[in-house]
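Asks:
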Amino acid sequence: FIPEELNCSVCLNIFSDPVMLSCGHNFCRVCIGNVLDTQGRSGLYTCPECRAEFTERPGAQPICPDRKCSVHKRFLEYYCSEDAVCICVSCRLDGEHRGHHVDTLSEASEKKKEKLTHVLEELTSKRRETQKKVQSLGDRSREAHNKAAEVTERIKALFRDIRTQLDFLEKRVLVEVSWQNVQALLSVSDLILQLESQRDELSKKMRHVEELRNFADPLTFLRGPDAEDSAAKSEKGDEQERDVKDLDEVQIMWTLRSSIADILTKINRGDSGGDPATCPKAGHVRPSSDLKMPPGHR
């Protein structure tokens, strides 16, 4: 009994000087040479076994020594799945692989290709899932970037609004300081004028008293006006001095701190101040009436 795997499919005899085409099928060198010579007249070359087509005359390569059994020196035509090794017909029938599950090389190759197909499908599925994760992380990265840009703009807008409100508050308070300073200077100027007038009046009275004091006639001296009344009237200037207006630092600082606290409260509520265009300009601020009075302050 001679297995079909050892026969040439052209001459149907045991291989003589076997060679192999690129498609993997074996033939006698002379047999495949004659077939290819015949096909050359039509310009179309095919494998007699699988009908694979070649545009040019295929090369017939000698079967490599590693395609023969190292023990029996016969062609490796089978695959022992139990030991995962290629074997020859002698190994299958009489050797150590006798009774094992054996497939032809083509059958074993198809089974292995089928397994690799399943592996490829699994790898493709895993790669698809990995790509989905990459896409998802990319989307999250873009969302995080967009959110950071949005928050950055909101923070910038908030600080612009805070600076606008603080600038307006600074101008408002400085206008009040300037206004109170003017009022204080005016009150001092008025008092100075009054005191200068009083000073001139006192000078006149002093000269009159000097004249009275120099009278030689006692009767005339005693009948003259009482100089002590003039001295009493001069004490009113001390009361006028207490009416001088001064810069109300307590009111100004209390208003400043209160306004800053209001700004912070609005920020915490999320309504930090609205449109800066609605804020009055510093030149239009009404002094004093725009500033709050601290509790208990007069």
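Going by UniProt numbering, the sequence shown opens with residue 1, and the numbers climb by one from there.
For every residue, glycine included, the Cβ atom is placed at its ideal position computed from N, Cα and C.
For ASN181, which residues in the same chain have their Cβ closer than 7 angstroms to its Cβ, ignoring the five residues on either side in sequence?
Replies: LEU247
Asks: Enumerate in chain order the residues of its own chain whose CB-to-CB distance from CYS11 is below 8 angstroms, with the five nearest sequence positions on each side excluded.
Replies: So the list reads CYS28 and CYS31, once near-sequence residues are dropped.
Asks: Considering only residues of the same chain and omitting the five flanking positions on each side of CYS279, which have a CB-CB separation below 6 angstroms?
Replies: Only weak support exists for where CYS279 lies, its pLDDT of 45 falling under 50; the coordinates are left without a value.
Asks: What is the DSSP secondary structure of PHE54, reduced to helix, strand or coil?
Replies: strand
Asks: If you check the beta carbons only, do SER81 and HIS97 fall under 8 angstroms apart?
Replies: no
Asks: Any idea if GLU176 is buried or exposed, counting beta-carbon neighbours within 10 angstroms, 16 or more meaning buried?
Replies: buried
Asks: Taking Cβ positions, are CYS50 and CYS23 nearer each other than 8 angstroms?
Replies: yes
Asks: Taking the straight line between their C-alpha atoms, what separation do you get for SER187 and PHE159?
Replies: 42 angstroms
Asks: Would the segment 204 to 222 and the segment 130 to 139 be scored as touching if the rule is three or more Cβ pairs under 8 angstroms?
Replies: With a cut-off of 8 angstroms, the segment 130 to 139 and the segment 204 to 222 do not count as touching, because too few Cβ pairs lie within range.
Asks: Would you kindly work out how many angstroms separate the C-alpha atoms of PHE75 and ASN13, rounded to a whole number?
Replies: 15 angstroms
Asks: The alpha helix (DSSP H) with CYS91 in it runs from where to where?
Replies: 89 to 93
Asks: At which residues does the beta strand (DSSP E) containing CYS28 begin and terminate?
Replies: 26 to 28
Asks: Using the C-alpha atoms, what's the distance from GLN165 back to ARG154?
Replies: 16 angstroms
Asks: To the nearest angstrom, report how far apart GLY95 and GLU77 are at their CA atoms.
Replies: Rounded to the nearest angstrom, the two C-alpha atoms are 14 angstroms apart.
Asks: Roughly how many angstroms separate the alpha carbons of PRO276 and SER197, rounded to a whole number?
Replies: At PRO276, the pLDDT of 45 sits below 50, so the modelled position is not reliable and the matter cannot be decided from this model.
Asks: In this structure, does DSSP put ASN181 in helix, strand or coil?
Replies: helix
Asks: Pick from SER90, PRO18, SER70 and ASP103: whose alpha carbon is nearest that of ALA84?
Replies: Nearest C-alpha to ALA84: ASP103.
Asks: Quick one: is THR46 near chain B, going by C-beta distance under 8 angstroms?
Replies: Among the chains of the structure shown, chain B does not appear; only one protein chain is present.
Asks: Can you have a look at VAL119 and say buried or exposed, based on whether 16 or more other CB atoms are within 10 angstroms of its CB?
Replies: exposed
Asks: Do CYS86 and LEU116 count as a contact pair if the criterion is CB distance below 8 angstroms?
Replies: no
Asks: By Cβ distance below 6 angstroms, which residues in the same chain neighbour CYS47 in space, the five residues on each side in sequence not counted?
Replies: LEU21, CYS23 and HIS25
Asks: Express the C-alpha separation of SER42 and residue 300 in angstroms, rounding to a whole number.
Replies: The structure shown does not extend to residue 300, since the chain is modelled only from 1 to 298, so the question has no answer here.
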